[in-house]
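S.K.: Questions regarding the structure given below will be posed in turn.
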Amino acid sequence: MLLSDSGKIIPAMTGPHPAFAPATSRQSGVIHAVLGPTNTGKTHYALTRMMAHQSGIIGFPLRLLARENYERLVKLKGERHVALLTGEEKIIPPGARWFSCTVEAMPLDRKVDFVGIDEIQLAADPDRGHIFTDRLLHARGKGETLFLGAETIRGLLRQLVPGITIETRERLSRLTNIGPVNLTRLPPRSAIVAFSATEVYAIAEAIRQKRGGCAIIMGRLSPRTRNAQVALYQNRDVDYLVATDAIGMGLNMDVDHVALAALHKFDGQNSRALTPQEVAQITGRAGRGMRDGTFGTTASCPPMSQQLVKAVEDHEFEAIKAVYWRQTALDYTSPETLLNSLMRKPPRPGLITGRTASDLDVLTGLMQMDDIREVARGHRATELLWDVCQIPDFRKLGDGSHTRLCARLFLDLLKHRRIPPTWMEGQLRGLDRLDGDMDTLMHRLSGVRVCAYVAARTGWMHQSRQWQERCRAVEDRLSDTLHERLKERFVNRRATALLRRPEPGAASEALHAVTPQNRIIVEGHEVGQIVGFTMQIDTPADSREGDLLRRAGRRALRQAMPARIRHFLTQDISRFTLTDDRQIHWEGAPIATLVRGDDLFHPLIQLLPGEFQDNHQSRQVQTHLQALMTERISTVLEFFFRLEDKLQDSPTLRGLYYRLREDGGTTPTLPEDRTLTPAEKKHLHRSGVRIGWRQVYCPQLFRPACLPMMVLLHNIWHDRQQATPDAARICLTSDGHPIPPPGWEKAGPVHVRLDRLDALLSTLRPHGRQPGRNIMAPDTLASSLGIKAALLPALLKSLNIPHHAPQPLSTGQYGVASPLIILGRTGRRDTRPSGRQKGTERRRNRQQKPSAGRREQKAAQKQADSPFAALRNWSSGRSS
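Here it is, written out as structure tokens:
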């Protein structure tokens, strides 16, 4: 029947549902509503009414529903005539006549013949209700306006929309309560509804273990993932669906039974009991068309009260007394006036103020930022500020990051009138990753939704269409990956075959075997593989199913493990790999790690956990591996260990060798090391040991063949992680190597290789040169050490080599800059000239002009005492 605003009954067309007359015969601008429970065909009727007009817009409460009905319209009217408009997607062909939108994204400035709003009773929602109320009061079609919803809003519709006609529809099928049912006994084609992601995952895991698998529906899923999960259920790949209450908003599937896992939910502020209307909205998904459905509770949820059951079965609910409202005529003079206009009280009865929405929280946060307050002045800036505040907080991190994001975008838009493409590129590059778990992928999808919303805003970006397509491509990749992760997690046919085996205590036992490729087979299904001496199960280790498969795999290893150990004991050192992280790998898998032993050259073996049946097996493996490791070290450092025999005859040299052993290949040079006899020094030199200025060492230990092993042994002994340097490098920077590697010694800003350090000290130290004789450092000194010339003074200072640092020419000076001078040793200067100096002086006197006076002689004497004279002396010494 049809009821006018006065309650008068209006005749309706015959058929399975009452219907309105064609739009062409109706009065222009007619407003009516179709109210009733779920499964009454309201949405189908609304789409039919819209397509009867030349143009129309219909708003849905969820992006999922907007896209679903967009696809239905495309099949009926063609892609070029249908538009999709949500916060994240904007598909508007030039010839678009019919729009499928979310309620928030409805283009109210577009004049169309038909306007429809679905689930209008959501005007009583404290979070989003003000948006539905605004559409209820202001969204109108030129020919027809249609509201769809529950019977509970009938009274307010009559109060708020004068002249509205209301049609009531009855449910096509019956809905019956069957009470609580255990998860293991739920009938096929059941939907289990929980109210948090944690509960959804826990129930889905239990269903997978008990019944083989399920599909997942949550509001955080993208439309593509949601559709793929629905198809998984609709195609009967699984018989169970686990969902949040998002299933209650018009998602029609072949569900025969709906089971609630809880009768309470967290509404964003408090945990409260579900209202009878909410229970009916959710359980109403059971049954489709003329097929009856059932509902009840499951898991730890208590049975429903008789009053609640009766209300749901009879569709009798308390009427909505008020809807939520917020001012839409806003004052953009300044952010303060904008905030004041948003906080105005409702203008009439039946309207109340809802919760503080996220956009209002963002506005309040932005107004507290100094840089925003400085520029948010005037109508244009304030209106833009409010537009930016409308960006939905899909991520809901609660850490202020959304407010900071809005601040960044506002400043870019105000300054450049466009958002820089680099920002969008950086955001999408960071989000376009397919690694991580399901929650990580859903978090990235939320980030992509923010980017899609920004790209869809008119005038915010250049080439916005291309950016929308890019966002859609990233979302599709993440959605497909998320769908696969959900299937991998909650649909496991291999485990189903095992879980349907007889209960524990039955006579039969699962068949099991291990293939030559080390794959573990149980009941014809691969459950894992042997890696080293461990068993890797193909399911998560912390799941109940993983425990079951692990027990089955261990039964298969009872015979395979002894044979594998016998094979291991025949392996030689070439079959093992020693990695920089101190682990020993066999067949590509780590089996043991090296730990500190009695001395640096003899580390110990520590086996990693494995599937050993007893201590005897693990001892066999450890003993064999210890012997192989000792052999490996002895082979690589063979010459060093032979030194013990070579130096055995001399107690002094034998003691020096033991010092080298204890100190790891190098030991500080002691005074008694310099007092060795020439024969002992010669014997040491032939044996490969060098007594340097600072260290006694074996150069061969730090050659390319031995250096990696030495670094590894030092890392184990000192419990550090140091990379192996290039053995050909003379100097290493402290940045790349904070601690000198074995074979190098710290010298100021660098580490110098010991053999080159001794050569450097022998060349540059003033011992042995004449007192006061200075030399100029060779030009190739820095390059020969592999360092920058600027580091030379600091290096020489750390080695106690007297020198004059090079001095650049100051302003106004010309000529050659002062070079790096190595100073001679200090002491009493011998002023007596040598025979060669006397001959040179006589030649100089013969060449001197007779007119040279006393002044030139003093100038010559002064030049003889200058650094350049020292340089000439050094040059003449080299030429001689």
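With our numbering as the guide, the letters of the sequence shown map in order to residues 249 to 1128.
In this text, a Cβ means the ideal position worked out from N, Cα and C, and glycines have one as well.
No experiment lies behind these values; they were computed from the predicted model shown.
Determine whether the beta carbon atoms of residue 298 and residue 364 lie at a separation below 8 Å.
M.R.: With contacts defined by Cβ atoms closer than 8 Å, residue 298 and residue 364 form a contacting pair.
S.K.: In chain order, what residues of the same chain lie with their CB nearer than 6 Å to the CB of residue 372, ignoring the 5 residues before and after it?
M.R.: 568, 571
S.K.: Taking the alpha helix (DSSP H) that residue 691 belongs to, which residues open and close that run?
M.R.: 686–704
S.K.: Quick one: what does DSSP say residue 497 is sitting in, helix, strand or coil?
M.R.: When DSSP states are grouped into helix, strand and coil, residue 497 belongs to the coil group.
S.K.: Consult DSSP for residue 1055 and reduce its assignment to one of helix, strand or coil.
M.R.: Strand, per DSSP.
S.K.: DSSP three-state call for residue 471: helix, strand or coil?
M.R.: helix
S.K.: Can you give the beta carbon distance from residue 939 to residue 917, rounded, assuming they're within the 8 Å contact cut?
M.R.: 6 Å
S.K.: Evaluate the contact criterion for the stretch 845–852 versus the stretch 874–888: three or more CB pairs, one atom per stretch, below 8 Å.
M.R.: yes
S.K.: Here's the rule I'm using: 16 or more other beta-carbon atoms within 10 Å means buried, otherwise exposed. How should residue 987 be labelled?
M.R.: Per the 10 Å Cβ criterion, exposed.
S.K.: With residue 840 as the anchor, note down where its beta strand (DSSP E) starts and where it stops.
M.R.: Note, residue 840: beta strand (DSSP E), 837–843.
S.K.: How long is the line joining the alpha carbons of residue 342 and residue 784, rounded to whole angstroms?
M.R.: 57 Å
S.K.: Is it right to say residue 518 is buried, meaning 16 or more other beta carbons lie within 10 angstroms of its own, or is it exposed?
M.R.: exposed
S.K.: Helix or strand or just coil, what does DSSP make of residue 609?
M.R.: helix
S.K.: Please report the residue range of the beta strand (DSSP E) in which residue 425 lies.
M.R.: 423–425
S.K.: Helix, strand or coil: how does DSSP classify residue 378 here?
M.R.: helix
S.K.: Is DSSP giving residue 945 helix, strand or coil here?
M.R.: strand
S.K.: Just to confirm before moving on: does the CB-CB distance between residue 295 and residue 312 stay below 8 Å?
M.R.: no
S.K.: Hey, out of 335, 357, 310, whose CA is closest to residue 304's CA?
M.R.: The candidate whose alpha carbon is nearest that of residue 304 is 357.
S.K.: Roughly how many whole angstroms lie between the Cα atoms of residue 347 and residue 367?
M.R.: 17 Å
S.K.: Pull the bridge partners of residue 739 from the DSSP assignment, please.
M.R.: 461, per the DSSP bridge assignment.
S.K.: Inspect the beta-carbon positions of residue 530 and residue 490 and report whether they are closer than 8 Å.
M.R.: no
S.K.: Where does the unbroken beta strand (DSSP E) through residue 994 begin, and where does it stop?
M.R.: Per DSSP, residue 994 belongs to the beta strand (DSSP E) from 992–995.
S.K.: Taking the alpha-carbon of residue 779 as reference, which of 833, 728, 825 has the nearest alpha-carbon?
M.R.: 833
S.K.: Taking the alpha-carbon positions, what's the residue 430 to residue 450 distance?
M.R.: 15 Å
S.K.: Any chance the stretch 861–876 sits against the stretch 808–821, with 3 or more Cβ pairs inside 8 Å?
M.R.: yes
S.K.: Counting only beta-carbon separations shorter than 8 Å, does residue 352 have a partner in chain D?
M.R.: Of the protein chains in this structure there is only one, and it is not chain D.
S.K.: Using CA coordinates, which residue listed in 541, 648, 387, 1052 is at the minimum distance from residue 419?
M.R.: The shortest C-alpha separation from residue 419 is found at 541.
S.K.: Nearest CA to the CA of residue 807: which residue from 975, 768, 829, 830?
M.R.: 768
S.K.: Count Cβ pairs between the stretch 1038–1049 and the stretch 994–1010 that sit closer than 8 Å; are there 3 or more?
M.R.: yes
S.K.: By the 10 Å Cβ neighbour count, where 16 or more other Cβ atoms means buried, how is residue 961 classified, buried or exposed?
M.R.: By the Cβ neighbour-count rule, residue 961 is buried, with 16 or more other Cβ atoms within 10 Å of its own.
S.K.: Can you tell me the Cα-Cα spacing of residue 591 and residue 598, whole angstroms?
M.R.: Answer to the nearest angstrom: the Cα atoms are 17 Å apart.
S.K.: I need the boundaries of the alpha helix (DSSP H) containing residue 864, first residue and last residue.
M.R.: 863–884
S.K.: Go ahead and pull the three-state DSSP assignment for residue 985.
M.R.: coil
S.K.: Which of the three DSSP states is assigned to residue 333 in this structure?
M.R.: Here DSSP, grouped into helix, strand and coil, assigns residue 333 to strand.
S.K.: Starting from residue 415 and walking both ways along the beta strand (DSSP E), at which residues does that stretch end?
M.R.: 413–416 is the extent of the beta strand (DSSP E) around residue 415.
S.K.: Would you mind sorting residue 672 into buried or exposed? The rule is 16 or more other CB atoms within 10 Å of its CB.
M.R.: Residue 672 is classed as buried because its beta carbon has at least 16 other beta carbons within 10 Å across all chains shown.
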